[in-house]
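Residue numbers (my numbering): 42 to 377.
We put the beta carbon where it would ideally sit given N, CA and C, even for glycine.
A short worksheet on the structure shown next.
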Amino acid sequence: MGGGTGRKSNFELLRIASMFLVVLTHYVPTRDGVSADTFLQSTAATLCTLELHSLSIVCTHCFVLISGYFGIRLSWKSFANLLYQMLFWSGASVLTAAAIGLPVSVGLFLKGIVWGWFPWAYIILMILSPMINAFIEKCGMHGLGRYIIVFYLLSTIGGYLMGCRDFFSGMSGLSLVGLYLIGAYLRRCEFKPFQHTSKVNFAIYLILGLALLVVNVLLLLTGINSSPYGYLNPVVIVMAIYLFLTFTRMDIGSRSLINGVAASAFSVYLFHCHPAIGGWISQGWTRINEACGPYLAIPVAVVSFIAIFAFCCAVDRLRIYSFKIISNKVFNNGKG
Numbered sequence: 042m043g044g045g046t047g048r049k050s051n052f053e054l055l056r057i058a059s060m061f062l063v064v065l066t067h068y069v070p071t072r073d074g075v076s077a078d079t080f081l082q083s084t085a086a087t088l089c090t091l092e093l094h095s096l097s098i099v100c101t102h103c104f105v106l107i108s109g110y111f112g113i114r115l116s117w118k119s120f121a122n123l124l125y126q127m128l129f130w131s132g133a134s135v136l137t138a139a140a141i142g143l144p145v146s147v148g149l150f151l152k153g154i155v156w157g158w159f160p161w162a163y164i165i166l167m168i169l170s171p172m173i174n175a176f177i178e179k180c181g182m183h184g185l186g187r188y189i190i191v192f193y194l195l196s197t198i199g200g201y202l203m204g205c206r207d208f209f210s211g212m213s214g215l216s217l218v219g220l221y222l223i224g225a226y227l228r229r230c231e232f233k234p235f236q237h238t239s240k241v242n243f244a245i246y247l248i249l250g251l252a253l254l255v256v257n258v259l260l261l262l263t264g265i266n267s268s269p270y271g272y273l274n275p276v277v278i279v280m281a282i283y284l285f286l287t288f289t290r291m292d293i294g295s296r297s298l299i300n301g302v303a304a305s306a307f308s309v310y311l312f313h314c315h316p317a318i319g320g321w322i323s324q325g326w327t328r329i330n331e332a333c334g335p336y337l338a339i340p341v342a343v344v345s346f347i348a349i350f351a352f353c354c355a356v357d358r359l360r361i362y363s364f365k366i367i368s369n370k371v372f373n374n375g376k377g
């Protein structure tokens with residue numbers, strides 16, 4: 042999940058932006074809840090919350106689109122690196138919690154290793170990747186495009202509309218497979234709607250996000266509290282595609298600072314979601330909302346996001362350095 046040294050920095054910048062949106066999507070629930078009553082009582086604040094949700098809902102999609110675009114090359118070293126990252130950050134999170142006076146235990150450490158749906162869904166994707174890659178190469182672009190259409194008809198009807206357990210609301214290895222296939226398709230396709238400039242792609246992403254907001258408002262006005270912000274919503278998936286394409290059309294060369302931060306982006310997820318520290322972070326965001334109000338709280342919360350990033354990037358240097366030493370010994374001087 043770290044940043045690849047051979048990739049251009051535009052993709053690494055997308056990795057950073059995607060993780061920033063992950064943190065944002067976890068911040069949104071700490072604001073006042075969205076309902077018909079809150080919309081009527083605090084219309085502007087509710088619209089602000091909905092827009093934050095619109096911007097952030099594509100977060101994990103973009104991570105997997107990057108993987109599909111470049112293709113996962115499964116090896117024992119890459120697999121061990123991901124597992125070591127999960128182990129390291131469970132320990133680092135518990136130690137951080139203990140340092141600030143939070144209750145910790147061996148149980149919390151163990152729970153933190155298996156906590157969260159995304160790491161384990163991604164592990165499933167990694168294990169399946171050799172078969173998926175072989176399928177992509179065999180079926181060709183037109184065949185892959187047709188297969189993606191069939192896959193997302195099933196995903197939309199069975200997963201999004203009917204709640205099929207196998208899709209688990211988009212939080213499953215199966216759903217990541219679909220995004221991986223899209224990423225592979227985007228690398229090769231010449232489909233005209235996907236050939237816009239970076240600015241046009243970003244505008245489409247924002248317009249579709251605004252459309253989700255409008256749909257949610259209409260639902261609220263009719264007394265329906267159901268949200269359209271599901272991971273399997275096809276509009277959300279198209280939004281993720283256009284945000285992804287926004288960055289693919291950029292040309293910023295190779296920037297060591299961006300690549301270095303991107304290499305530690307996944308650590309931000311593992312840290313701020315950890316059961317030993319995640320609740321404390323969420324409580325901090327709630328206090329920020331209460332103290333600053335619905336509007337000023339946003340820039341203050343963003344400062345906290347940056348602080349989390351800075352902390353994780355600094356600590357993750359130790360993880361990267363220690364794994365390099367271990368991998369050089371275990372995987373034949375890093376070639377395994």
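Sub-8 angstroms separation of residue i and residue j beta-carbons
| i | j | result |
| --- | --- | --- |
| residue 193 | residue 269 | no |
| residue 101 | residue 63 | yes |
| residue 308 | residue 357 | yes |
| residue 266 | residue 77 | yes |
| residue 123 | residue 285 | no |
| residue 317 | residue 60 | no |
| residue 166 | residue 218 | yes |
| residue 54 | residue 293 | yes |
| residue 159 | residue 132 | no |
| residue 279 | residue 259 | no |
| residue 128 | residue 154 | yes |
Whole-angstrom distance between residue j and residue i, CA atom to CA atom
| i | j | result |
| --- | --- | --- |
| residue 115 | residue 136 | 31 angstroms |
| residue 339 | residue 182 | 43 angstroms |
| residue 225 | residue 51 | 17 angstroms |
| residue 347 | residue 299 | 14 angstroms |
| residue 337 | residue 325 | 15 angstroms |
| residue 320 | residue 251 | 30 angstroms |
| residue 177 | residue 227 | 12 angstroms |
| residue 67 | residue 327 | 11 angstroms |
| residue 350 | residue 56 | 13 angstroms |
| residue 410 | residue 49 | Any property of residue 410 remains undetermined from this structure, which presents the chain solely from 42 to 377. |
| residue 360 | residue 126 | 7 angstroms |
| residue 188 | residue 195 | 11 angstroms |
| residue 143 | residue 175 | 48 angstroms |
| residue 83 | residue 65 | 21 angstroms |
| residue 370 | residue 362 | 13 angstroms |
| residue 202 | residue 152 | 32 angstroms |
| residue 180 | residue 197 | 23 angstroms |
| residue 147 | residue 355 | 24 angstroms |
7 angstroms CB neighbourhood of residue i in its chain, flanking five on each side removed
| i | result |
| --- | --- |
| residue 72 | 90, 330 and 335 |
| residue 257 | 91, 268 and 269 |
| residue 215 | 207 and 208 |
| residue 103 | 55, 59, 281, 284 and 285 |
| residue 229 | 182 |
| residue 253 | 95, 269, 270 and 276 |
| residue 134 | 153, 312, 315, 317 and 318 |
| residue 366 | none |
Expected contact under 8 angstroms - CB spacing of residue i and residue j to nearest Å
| i | j | result |
| --- | --- | --- |
| residue 232 | residue 287 | Rounded, the Cβ-Cβ distance is 16 angstroms, inconsistent with contact. |
| residue 364 | residue 130 | Contact flag wrong, Cβ pair sits at about 12 angstroms. |
| residue 333 | residue 343 | The Cβ separation is near 12 angstroms, so there is no contact. |
| residue 170 | residue 98 | Not a contact, Cβ separation roughly 25 angstroms. |
| residue 353 | residue 157 | No, residue 353 and residue 157 are not in contact; Cβ-Cβ is about 15 angstroms, not under 8 angstroms. |
| residue 211 | residue 272 | 3 angstroms |
| residue 291 | residue 239 | 6 angstroms |
Among the options, the one whose alpha carbon lies nearest that of residue i
| i | options | result |
| --- | --- | --- |
| residue 222 | 345, 210, 119 and 110 | 110 |
| residue 213 | 241, 164, 175 and 256 | 164 |
| residue 74 | 94, 281 and 303 | 94 |
| residue 234 | 220, 282 and 273 | 282 |
| residue 220 | 85, 190, 152 and 253 | 190 |
| residue 236 | 264, 108 and 289 | 289 |
| residue 108 | 355, 173, 253 and 200 | 173 |
| residue 120 | 161, 134, 143 and 148 | 161 |
| residue 141 | 200, 254, 322 and 366 | 322 |
Sequence-distant residues of its chain with Cβ nearer than 6 angstroms to residue i (five each side left out)
| i | result |
| --- | --- |
| residue 80 | 87 and 261 |
| residue 264 | 77 |
| residue 199 | 205 |
| residue 302 | 57 and 354 |
Sequence-distant residues of its chain with Cβ nearer than 8 angstroms to residue i (five each side left out)
| i | result |
| --- | --- |
| residue 139 | 145 |
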